[in-house]
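Trainee: If you read the sequence shown in my numbering, its first letter stands for residue 703, the second for the next number, and so on. Cβ atoms here follow ideal geometry from the backbone N, Cα and C, with glycine treated the same way. Just so you know, these numbers come straight off a predicted model, no measurement behind them. There's a structure below that I have some questions on.
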Amino acid sequence: MVAEFKTAVATCAIYAAMVLVFTAISLYTAPQGSQTGTFRPVATIPYHELLLVLLGIGLGLVASVFLWGRNWAFVFLMPLLVVLTDLDHLPSYFNWTQPIRPAHSLIFIILTVALIAMVIRRRDVEFVSLSAFFAHLSIDTGVFPPFSPVDFTYYNLNEFRIPFLVAAVAFALGAGYVGRRSRGKVD
Ligand SMILES: [Zn+2]
């Protein structure tokens, strides 16, 4: 159990570091015209983040239940990863100009999962990271740059909400499935 939580903390650290790296790079690579990210009205943040946390806990439970309750670390790893995605608003917090949601990017999640795969070496944790990322995007509103930090063309999130939510649930189930299978071999 302790090992599970260590894995979860290490995964959060990698994920958060990658969000910050993407945010830092985007400050240099995003053209002037796309540096239009702003902080959402402060009063709306708690409600938005609460929604993200609740969906994260829900998906963590989905993954855990599918594991027959054997990996409760997912129930706190999932919401943490969901919320950590918003660390890319940090420059706006300091009133710096920045592009919109630089880590809400497909390139971000591909590279981050690749790094998690190399360091953590757990297929179920890769699936949890994918699930958390798509869960986050399914709750956000407005626009996102799917090819940040290379290209800052913005797309409307509303059009992708359902596929992203389906992807989030599918990856949560996948996490439970591959986790159970790998445990079956180990135990
Ligand atoms: Zn967000």
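Measuring only from the beta carbon, is T787 closer than 7 Å to any heavy atom that is part of ligand 1?
Mentor: Indeed, a heavy atom of ligand 1 lies less than 7 Å from the Cβ.
Trainee: For ligand 1, is there any heavy atom lying closer than 7 Å to the beta carbon of R659?
Mentor: The requested residue 659 does not occur in the structure, where the chain is confined to residues 703 to 889.
Trainee: Measure how close the beta-carbons of S766 and R825 come, nearest whole angstrom, since I'm counting them as under 8 Å.
Mentor: About 16 Å separates the two Cβ atoms, so there is no contact after all.
Trainee: Given a threshold of 16 other Cβ atoms within 10 Å of its Cβ, counted over all protein chains shown, does M720 qualify as buried or as exposed?
Mentor: The residue is buried, with at least 16 neighbouring Cβ atoms inside 10 Å.
Trainee: Given this structure, state the Cα-to-Cα distance separating D842 from L859, to the nearest angstrom.
Mentor: C-alpha separation (whole angstroms): 7 Å.
Trainee: Okay, do the segment 781-788 and the segment 751-762 touch, 3+ Cβ pairs below 8 Å being the bar?
Mentor: These segments touch.
Trainee: Considering only their Cβ atoms, is the gap separating L786 from T725 smaller than 8 Å?
Mentor: No, they are not a contact pair.
Trainee: If we count the other Cβ atoms within 10 Å of its Cβ and call it buried at 16 or more, is T713 buried or exposed?
Mentor: The residue in question, T713, is buried, as its Cβ has 16 or more Cβ neighbours within 10 Å.
Trainee: Which term fits G878, buried or exposed, when burial requires 16 or more other beta carbons within 10 angstroms of its beta carbon?
Mentor: Classification for G878: buried.
Trainee: By Cβ distance, which residues of its chain are closer than 6 Å to A710, with the 5 residues on each side in sequence left out?
Mentor: If we look at A710 and ignore the five residues flanking it on each side, its Cβ neighbours are A775, L779.
Trainee: If you drop the 5 nearest sequence neighbours on each side, which residues of the same chain put their C-beta closer than 6 Å to that of F836?
Mentor: Only F866, A869, A870 meet the Cβ criterion.
Trainee: Three or more C-beta pairs under 8 Å: does that hold for the segment 802-821 against the segment 730-743?
Mentor: Touching, yes.
Trainee: Could you tell me the alpha carbon to alpha carbon distance between S807 and F796, rounded to whole angstroms?
Mentor: Looking at the two C-alpha atoms, the distance is approximately 22 Å.
Trainee: Around the C-beta of E828, are 16 or more other C-beta atoms found within 10 angstroms, so that it is buried, or is it exposed?
Mentor: So E828 counts as buried.
Trainee: Compute every distance between the C-beta of D842 and the non-hydrogen atoms of ligand 1, then say whether any falls below 7 Å.
Mentor: Indeed, a heavy atom of ligand 1 lies less than 7 Å from the Cβ.
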